[in-house]
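J.: Chains as they are written, first to last, in the working numbering: chain A, 1 to 305; chain B, 306 to 610.
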DNA sequence: GTCGACTCGGGTAATTCGGGTC
DNA sequence: AATGTCCGAATTACCCGAGTCG
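1. Of all the residues that make up the region 187–205 of chain A, which are near chain B by a beta-carbon distance shorter than 9 Å?
2. Which stretch, first to last residue, makes up the alpha helix (DSSP H) that contains residue 170/A?
3. So, at 6 Å on beta carbons, what are the nonlocal neighbours of residue 500/B in its own chain, with the 5 sequence-adjacent residues on each side left out?
4. Which ranges does the beta strand (DSSP E) cover as unbroken runs of at least 3 residues, wholly within the region 155–232 of chain A, from first to last along the chain?
5. I need the DSSP call for residue 555/B, collapsed to helix, strand or coil.
6. Where in the region 39–107 of chain A do unbroken runs of the alpha helix (DSSP H), each at least 4 residues long, occur, reported from the N-terminal end onward?
7. Less than 8 Å between CB atoms is the rule here; does residue 530/B satisfy it with respect to chain A?
8. Do residue 458/B and residue 415/B count as a contact pair if the criterion is CB distance below 8 Å?
9. Would you say residue 545/B reaches chain A, if we count a Cβ-Cβ gap shorter than 8 Å as a contact?
10. Buried or exposed for residue 474/B, please, with buried defined as at least 16 other CB atoms from any protein chain shown within 10 angstroms of its CB.
11. Mind listing the chain A neighbours of residue 456/B? Cutoff is C-beta to C-beta under 8 Å, in chain order.
12. Where does the unbroken alpha helix (DSSP H) through residue 23/A begin, and where does it stop?
13. Expressed to the nearest angstrom, what Euclidean distance is found between the alpha-carbon atoms of residue 260/A and residue 233/A?
14. Within 10 angstroms of the Cβ of residue 545/B, are there 16 or more other Cβ atoms? Answer buried if so, exposed if not.
15. Are there three or more Cβ pairs, one per stretch, closer than 8 Å when the region 80–90 of chain A is compared with the region 110–121 of chain A?
16. Interface residues of chain B around residue 123/A at Cβ under 8 Å?
17. Would you identify the three-state DSSP class for residue 568/B, choosing helix, strand or coil?
18. My assumption, with CB atoms under 8 Å, is that residue 277/A sits in contact with residue 238/A. Please give the rounded CB distance.
19. How about residue 430/B and residue 455/B: do their beta carbons lie closer than 8 Å?
20. Does any residue of chain B have a CB that is nearer than 8 Å to the CB of residue 207/A?
21. Within 10 Å of its beta-carbon, does residue 38/A have 16 or more other beta-carbons around it, so buried, or fewer, so exposed?
22. Are residue 140/A and residue 497/B touching if we call contact CB-CB under 8 Å?
23. If we define contact as Cβ-Cβ less than 8 Å, is residue 96/A a contact residue for chain B?
24. Would the beta-carbon of residue 105/A fall within 8 Å of that of residue 47/A?
25. Who are the near neighbours of residue 418/B in its chain, counting only those whose CB is closer than 6 Å to its CB and skipping five residues on each side?
26. DSSP on residue 4/A, reduced to helix/strand/coil?
27. Counting only Cβ pairs nearer than 7 Å, list the residues of chain B close to residue 155/A.
28. Give the residues of chain A in contact with residue 329/B, contact being defined as C-beta atoms less than 7 Å apart.
29. DSSP has residue 573/B in a bridge; who is on the other side?
30. In three-state DSSP terms, what is residue 443/B?
31. Would you mind reading off the limits of the alpha helix (DSSP H) that contains residue 37/A?
32. Could you name the residues of the same chain whose beta carbon sits closer than 6 Å to that of residue 7/A, not counting the 5 residues immediately before and after it, in chain order?
33. Listing by chain order, which chain A residues have their CB less than 8 Å from the CB of residue 448/B?
34. With residue 487/B and residue 523/B assumed to form a contact (beta carbons below 8 Å), what rounded beta-carbon distance in angstroms separates them?
35. Looking at the C-beta of residue 112/A, does it have a partner C-beta in chain B at a distance below 8 Å?
36. Where does the unbroken alpha helix (DSSP H) through residue 560/B begin, and where does it stop?
Here is the structure:
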């Protein structure tokens with residue numbers, strides 16, 4: 001997928017004339033780079049930001065290598081959840097992609113899409129499977145499709161700035177459900193973090209090593225399956241004791257029952273991705289304010305994060 | 306880090322054509338040195354100065370931190386395997402992506418990239434882990450990165466034609482290693498199949514249901530971990546008996562020992578993705594010839610696949 | 001010295017520039 | 001005030017045989 005677009009491509013995608021695009025660039029309405037010869041180049045992510053703002057309408061996304069819009073009015077996230085649930089069951093990957101991208105282009109926050117559309121639909125499929133109305137392979141295929149879409153969304157988020165705070169996360173040993181941690185990474189990246197999901201099935205010792213090496217300011221754990229609760233608690237506690245001061249621990253996932261949470265220490269428990277997003281935002285605001293004060297005192301423009 | 310860059314490397318990093326870079330050099334927009342034979346060499350520092358000026362936009366900065374990238378054929382793939390191994394260990398996702406995409410742009414077959422670069426590098430990381438030279442999280446993170454790259458490559462393959470033959474596959478119950486089946490899907494799609502990976506951890510009963518519903522002409526099983534060999538054999542045999550006539554069964558993966566294979570029936574055992582690719586191609590050629598003969602007889606241009 | 005892959009230079013087709021006008 | 005269309009000049013992308021690099 002091309003990351004740099006010519007005015008002509010943008011014009012086709014927005015269904016306007018080329019001159020209009022050029023004028024908008026010249027007026028600063030669209031961030032523009034120039035080649036050495038003076039030709040305009042527009043970054044795809046910059047364009048998508050404006051589209052999501054509602055400033056421009058993307059009539060022909062396929063001109064940019066993006067999935068085509070369905071054209072139908074997006075009757076809200078709830079209906080999208082139902083429609084994508086059906087599409088996932090059928091394995092209609094392209095239709096799923098359309099639904100999600102429609103929502104993204106309509107400026108729905110990724111966290112809300114994760115919670116109210118994707119998680120919702122997957123949950124529904126899980127229920128059907130429990131009642132014998134769906135095959136296991138349909139559920140697995142649905143997870144595959146969602147994972148692919150999450151990865152595609154990730155490439156569409158503008159790269160985090162150099163000085164962005166770092167975040168690290170994953171799932172613990174015995175937990176092989178990657179969607180949660182993948183969503184967390186995506187949502188944090190949208191919020192402007194340098195977030196890295198380490199993957200699934202990670203023993204506490206290696207998580208400690210990763211924390212030691214990277215020293216992130218946020219650390220998330222997605223818990224969808226806990227085979228041995230006492231072992232889990234023990235591993236978690238040692239992890240928290242050695243690194244809980246330096247990094248903000250965020251935990252979430254269906255496997256964290258109330259009684260389990262009662263025996264854990266953490267900076268935040270996030271039931272949903274939207275909780276994670278708002279927690280991350282408040283954390284970042286706070287650290288910005290602190291580093292801002294530092295700058296005021298020292299008159300030093302160097303950033304420290 | 307290589308200090309001198311070729312026009313090709315610069316072109317890829319800036320996402321412009323090679324001739325543009327050459328013209329800019331000739332016009333003095335980029336300071337240029339020359340080899341004795343008249344080949345242009347651009348100093349990394351000279352380029353970075355212009356990038357900071359905002360005169361050029363560095364779309365793919367990773368390309369510059371590297372020795373000459375693109376496919377020096379076999380030597381290229383082997384070296385790429387080593388280089389991507391290091392990048393995977395460090396978690397340098399962008400660098401990994403650049404290495405793989407360079408190979409793709411140099412027209413290396415995806416199957417060869419999977420076998421000789423990605424699998425090679427992952428294997429090496431596995432060895433290091435066994436010897437205590439690598440952390441578990443580095444290995445998991447490497448798998449995550451490779452999976453993302455595979456998904457991105459998938460979006461770059463043109464959609465298969467309507468009448469393409471179908472293929473289905475996945476991993477069996479207890480096997481949670483998705484890279485093998487994801488690579489298989491990718492390679493088959495490159496070969497023009499409508500290939501769908503159903504995911505991992507699939508009980509035989511649901512695989513049977515999927516085969517029953519979709520009736521593919523090829524069915525692959527990736528086997529990287531077999532917790533219970535007798536259960537596996539039993540499940541596989543019942544699957545093969547009911548659907549082995551209709552679909553070509555292809556099996557592969559490290560977990561398939563010689564003794565296990567001796568007790569299995571299949572159309573092909575594929576040690577590597579390149580085997581899978583050539584098997585799929587020969588299968589398709591054969592079916593094309595058959596349907597071609599039919600057309601000769603009936604003078605009917607309708608395809609049947 | 002051989003060899004494959006890369007680069008050179010030049011030519012051509014397609015695209016984009018800026019400006020003027022509707 | 002904003003958009004779409006037209007224009008010659010300039011820029012960029014693609015192509016190819018000969019020469020260079022490692």
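Positions of the beta carbon are idealized from the N, C-alpha and C atoms, including for glycine.
T.: With the given structure in hand:
1. Within the region 187–205 of chain A, the residues whose Cβ lies closer than 9 Å to some Cβ of chain B are 196, 197, 198, 199, 200, 201, 202, 203 and 205, listed in chain order.
2. The sequence position of residue 170/A within the first chain is 170, counting from 1. Residue 170/A -> not in any alpha helix (DSSP H); beta strand (DSSP E) instead, spanning 166–170.
3. Within the second chain, numbered from 1, the residue matching residue 500/B stands at position 195. Counting only Cβ-Cβ distances below 6 Å, and skipping sequence neighbours, we find 472, 490, 493 and 494.
4. Runs of the beta strand (DSSP E) inside the region 155–232 of chain A: 166–170, 194–197 and 218–222.
5. Against the second chain, residue 555/B aligns to sequence position 250. Residue 555/B sits in a strand when the DSSP states are folded into three classes.
6. Whole alpha helix (DSSP H) segments, 4+ residues: 44–53, 76–90 and 93–105.
7. Here residue 530/B refers to the residue found at position 225 of the second chain. Not closer than 8 Å to any Cβ of chain A, the Cβ of residue 530/B fails to qualify, so no.
8. In the second chain, residue 415/B corresponds to position 110, counting from 1. In the second chain, residue 458/B corresponds to position 153, counting from 1. In contact: residue 415/B and residue 458/B (Cβ atoms closer than 8 Å).
9. Sequence index remark: in the second chain, residue 545/B carries index 240 (1-based). Chain A contact via Cβ: absent.
10. The residue you call residue 474/B lines up with position 169 of the second chain. Buried.
11. The residue given as residue 456/B occupies position 151 in the second chain. Result: 147, 148, 151 and 152.
12. Against the first chain, residue 23/A aligns to sequence position 23. Run containing residue 23/A: 18–26, per the alpha helix (DSSP H) assignment.
13. For the purposes of this step, residue 260/A is identified with residue 260 of the first chain, where counting begins at 1. For the purposes of this step, residue 233/A is identified with residue 233 of the first chain, where counting begins at 1. Distance between the alpha carbons of residue 260/A and residue 233/A is about 8 Å.
14. In the second chain, residue 545/B corresponds to position 240, counting from 1. By the neighbour-count definition (other C-beta atoms within 10 Å, threshold 16), residue 545/B is a buried residue.
15. Yes, since at least three Cβ pairs between the region 80–90 of chain A and the region 110–121 of chain A fall closer than 8 Å, the two stretches touch.
16. Locating residue 123/A in the first chain gives position 123, where the first residue counts as 1. Against chain B, the beta carbon of residue 123/A has no neighbour under 8 Å; the closest one sits roughly 17 Å away.
17. Your numbering for residue 568/B matches position 263 in the second chain. Annotated three-state conformation of residue 568/B is coil, per DSSP.
18. Locating residue 277/A in the first chain gives position 277, counting from the first residue. Locating residue 238/A in the first chain gives position 238, counting from the first residue. At roughly 29 Å, the Cβ-Cβ gap does not stay under 8 Å, so residue 277/A and residue 238/A are not in contact.
19. As a first step, residue 430/B is located in the second chain; it is residue number 125 there, counting from the start. As a first step, residue 455/B is located in the second chain; it is residue number 150 there, counting from the start. Their beta carbons are not under 8 Å apart, which means residue 430/B does not touch residue 455/B by this criterion.
20. Residue numbering aside, residue 207/A sits at position 207 when the first chain is read from its first letter. Yes, residue 207/A counts as interfacial toward chain B.
21. In the first chain, residue 38/A corresponds to position 38, counting from 1. With fewer than 16 Cβ atoms within 10 Å of its Cβ, residue 38/A is classed as exposed.
22. Position 140 of the first chain holds residue 140/A. Position 192 of the second chain holds residue 497/B. No, Cβ-Cβ distance for residue 140/A and residue 497/B is not below 8 Å.
23. For the purposes of this step, residue 96/A is identified with residue 96 of the first chain, where counting begins at 1. The Cβ of residue 96/A sits no closer than 8 Å to any Cβ of chain B.
24. Along the first chain, read from residue 1 onward, the residue named residue 105/A stands at position 105. Along the first chain, read from residue 1 onward, the residue named residue 47/A stands at position 47. No. Outside cutoff.
25. Start at 1 with the first residue of the second chain, and residue 418/B comes out as number 113. Cβ-Cβ distances below 6 Å link residue 418/B to 408 in the same chain, with the five nearest sequence neighbours on each side left out; the list follows chain order.
26. Reading the first chain from its first residue, position 4 is the one you call residue 4/A. If DSSP states are grouped into helix, strand and coil, residue 4/A belongs with the strands.
27. Numbered from its first residue, the first chain carries residue 155/A at position 155. Residues of chain B whose Cβ lies closer than 7 Å to the Cβ of residue 155/A are, in chain order, 457.
28. Position 24 of the second chain, counted from the first residue, corresponds to residue 329/B. Chain A residues near residue 329/B: 36.
29. One-based indexing of the second chain puts residue 573/B at position 268. Looking at the DSSP output, residue 573/B bridges to 555/B.
30. Residue mapping note: residue 443/B aligns to position 138 of the second chain, counting from 1. Helix at residue 443/B.
31. For the purposes of this step, residue 37/A is taken as the residue at position 37 of the first chain. Residue 37/A: not part of any alpha helix (DSSP H); DSSP gives it neither H nor E.
32. Reading the first chain from its first residue, position 7 is the one you call residue 7/A. Hits under 6 Å: 18, 21, 22 and 40.
33. Residue 448/B sits at position 143 when you count from the first residue of the second chain. Contact annotation for residue 448/B against chain A: 199 [CB-CB distance below 8 Å, chain order].
34. The residue labelled residue 487/B in the question sits at position 182 within the second chain. The residue labelled residue 523/B in the question sits at position 218 within the second chain. At roughly 16 Å, the Cβ-Cβ gap does not stay under 8 Å, so residue 487/B and residue 523/B are not in contact.
35. If you number the first chain from 1, residue 112/A lands on position 112. Contact with chain B is absent for residue 112/A, since none of that chain's Cβ atoms lies less than 8 Å from the residue's Cβ.
36. Against the second chain, residue 560/B aligns to sequence position 255. Where residue 560/B is concerned, there is no enclosing alpha helix (DSSP H), given that its DSSP letter is neither H nor E.
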